[in-house]
Structure formats: structure tokens, C-alpha cells
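J.: Here it is, the structure in full.
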Amino acid sequence: VQLQASGGGLVQLGGSLRLSCKASGSIFSINAMGWYRQAPGEQRELVATITSGGSANYADSVKGRFTVSMDNAKNTVYLQMNSLKPEDTAVYFCIADQQFDPRRYWGQGTQVTVSS
């Protein structure tokens with residue numbers, strides 16, 4: 280399974296960005312997709328995940344500002360990021376989990392930079 284993320288960039292404080300990540304390759308049945316992020320010098324952290332049934336989970340730091348969604352037919356996950364803050368600056372990685380597959384698949388990462 281390959282994951283291709285897009286949509287990162289530079290935005291000002293309070294701005295918005297929408298990330299997309301499409302899964303391709305040997306896809307059997309995706310259970311969940313989502314996003315992690317890693318800021319310079321920091322550990323990688325969960326941002327948001329969503330199951331194929333639509334159940335979403337968010338880090339406390341992004342609740343109310345970010346929305347994760349998934350198009351099952353397109354094997355694509357989105358992350359709408361509003362009210363961005365400088366502390367949201369990080370490389371954002373998408374992930375995918377498949378049914379009966381113990382591996383977690385990771386995308387290559389897309390940079391999000393929020394300037395103050």
C-alpha cells in the first residue's frame with residue numbers, strides 16, 4: 280500500500296489548509312486512516328484518525344479546529360485545518376490500517392508551516 284499526501288504549505292496565523300492523502304496499491308479493506316505530525320525536535324504525535332465507519336478521534340490540541348474525513352470509495356483521507364497556530368507547524372504524515380494486516384502504512388509526509 281502506498282500513501283500519497285498533498286496540501287501542505289505556508290499559511291499565516293489563523294489561516295486554513297486542507298491535507299489529502301490517497302492510498303493505492305494492494306488495498307484489501309482499509310479499516311482506518313488518519314494523520315500524525317512531527318515538529319522539529321519533537322516526538323511524532325497523533326493528530327486525528329477516522330474509521331471506515333466514520334468514527335473520528337482527535338488530539339486535544341486540535342479539537343474544534345481540525346476535521347478529519349474519509350472517502351471510502353476513493354481510499355482517501357482529508358484533514359481540514361482551521362484557525363492554525365504556529366504550534367501546528369510540523370511535517371504531517373498520513374497513515375492507513377487494513378483489515379487482517381498487522382502493518383500500519385505511512386505516507387511520506389507533507390510540511391505545514393504556520394507563521395505568526
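Numbering (the numbering used here), first residue to last: 280 to 395.
Here a beta-carbon is modelled for each residue, glycine too, at the ideal position from N, C-alpha and C.
1) Whether or not the region 322 to 331 and the region 284 to 291 are in contact is what I'm after, with contact meaning three or more pairs of Cβ atoms, one per stretch, closer than 8 Å; do they touch?
2) Once DSSP output is grouped into helix, strand and coil, what is the label at E321?
3) Under a three-way DSSP split, which group does D367 fall into?
4) I'd like the list of long-range same chain contacts for P365, defined as Cβ closer than 8 Å, with 5 residues on each side in sequence excluded.
5) Just to confirm the assignment, what range does the beta strand (DSSP E) spanning R297 have?
6) Between V347 and Y315, what straight-line distance do the alpha-carbon atoms span, to the nearest angstrom?
T.: Taking the coordinates as given:
1) no
2) Taking the sequence shown and counting its residues from 1, the one referred to as residue 321 is at position 42. Note: E321 maps to coil in three-state DSSP.
3) Working through the sequence shown from its first residue, we reach residue 367 at position 88. Looking at D367 - three-state DSSP - the assignment turns out to be helix.
4) To locate residue 365, count along the sequence shown from 1; it is residue 86. Within the same chain, P365 has close Cβ partners L292, V393, S394, S395.
5) Mapped onto the sequence shown, residue 297 falls at position 18. Segment 296 to 303, the beta strand (DSSP E) holding R297.
6) Start at 1 with the first residue of the sequence shown, and residue 347 comes out as number 68. Start at 1 with the first residue of the sequence shown, and residue 315 comes out as number 36. Answer to the nearest angstrom: the Cα atoms are 12 Å apart.
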